[in-house]
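Written below as structure tokens is the structure these notes are about.
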Amino acid sequence: MLDNKGFDLWASSYDQTVKLSDEQEAYPFAGYEPMMEALYEKVCAKGVQNIVDLGVGTGKLTKRLYDAGHHITGIDFSEEMLNIARDKMPKATFIEGDLHHTSKLITNQKFDVIISTYAMHHLTDDDKVRLLRELLTHLNEGGVVYIGDISFETHFLQSKCRKQHIDEWDDSEYYFIVTKLLPIISTFAKVQFKKYAHCCGLWTIQPR
Ligand SMILES: C[S@@+](CC[C@H](N)C(=O)[O-])C[C@H]1O[C@@H](n2cnc3c(N)ncnc32)[C@H](O)[C@@H]1O
């Protein structure tokens, strides 16, 4: 799995990697643009929002939200990713830190929308669930958590994709499996999953 230094090295070519993979409808970024577009529309439909983006990276989606007038906080552990995001969004707030300690990074802060795209698969499922529980306590009334990430409906479909893309597959990452995680998240939140490609989906999570 990439650490923050690995992401530093990837930062300058990240946007191009995503574009190629999405255009070829290939793992890992198939569905990236349509999912991001849907996420953008959902957020903008709610009016001007106070948004935090966890694992903001180069700010591909967040820059559009910033240009649309939303208030943006971006968190990431890669200095180089943050440098690119800062250049694109000079008036946004950025926090360099590890998502495993999100609550400490945003102590006492609440947001209308919490976004995380293609970052939470770096956390184990236990850590994802722990983080999601914490995130719900950082939402304003009516707030929403949106997670867009590499997701498979079942373990079987993930294995099928792994076989097809064995050369690029990263066994140290923890992709979302709907049949596993949806029942767990449902125990403490309202949750919906929408698929955008064979390996991509958008999770909408709200307090009960
Ligand atoms: C694949 S990129 C996604 C960037 C952007 N959100 C997007 O959708 O294009 C993953 C980002 O998450 C960050 N990241 C991964 N694990 C992290 C962690 N444990 N703490 C903070 N940031 C992390 C990386 O530095 C990187 O910028």
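All residue numbers for the sequence shown refer to the numbering used here, where the first residue is 23 and numbers rise by one.
Glycine included, C-beta positions come from ideal geometry on N, C-alpha and C.
Asked	Found
Got a sec? Which residues, its chain only, sit under 7 Å from D37 by beta carbon, not counting five neighbours each side?	T80, K82
For E118, which beta-bridge partners are listed by DSSP?	D98
Based on the DSSP secondary-structure assignment, which residues constitute the bridge partners of P112?	Note: P112 sits in no beta bridge, so no partner.
Are A141 and G77 touching if we call contact CB-CB under 7 Å?	yes
Nearer than 6 Å: is that true of the beta carbon of K82 relative to any heavy atom of ligand 1?	yes
Kindly provide the chain-ordered list of residues whose Cβ lies closer than 5 Å to any non-hydrogen atom of ligand 2.	Of the ligands this structure carries, namely ligand 1, none is ligand 2.
Taking contact to mean at least 3 C-beta pairs separated by less than 8 Å, is the region 155-166 in contact with the region 187-196?	no
Can you tell me whether DSSP reads Y218 as helix, strand or coil?	strand
Under 8 Å Cβ to Cβ from R230, same chain only, skipping five residues before and after it: list those, please.	F210, A211, K212
From the DSSP output, read off the bridge partner residues of T139.	G170
Can I199 and F174 be called in contact, C-beta distance under 7 Å?	yes
Quick one, which of G28, S34, Q46 has its alpha-carbon nearest A219's?	Q46
First and last residue of the alpha helix (DSSP H) that includes I206?	200-208
Is D44 buried or exposed, if buried means 16 or more other CB atoms sit within 10 Å of its CB?	buried
If you draw a straight line from the alpha carbon of A107 to that of E118, how long is it in whole angstroms?	12 Å
Cα-Cα, which of K182, T176, I137 is closest to T201?	T176
H143 and I172: beta carbons closer than 7 Å?	yes
CB T124 to CB L153, shorter than 7 Å?	yes
Let me check one thing: in DSSP terms, what residues is A211 bridge-paired to?	P229
Hey, how far is the Cα of G96 from the Cα of F178?	34 Å
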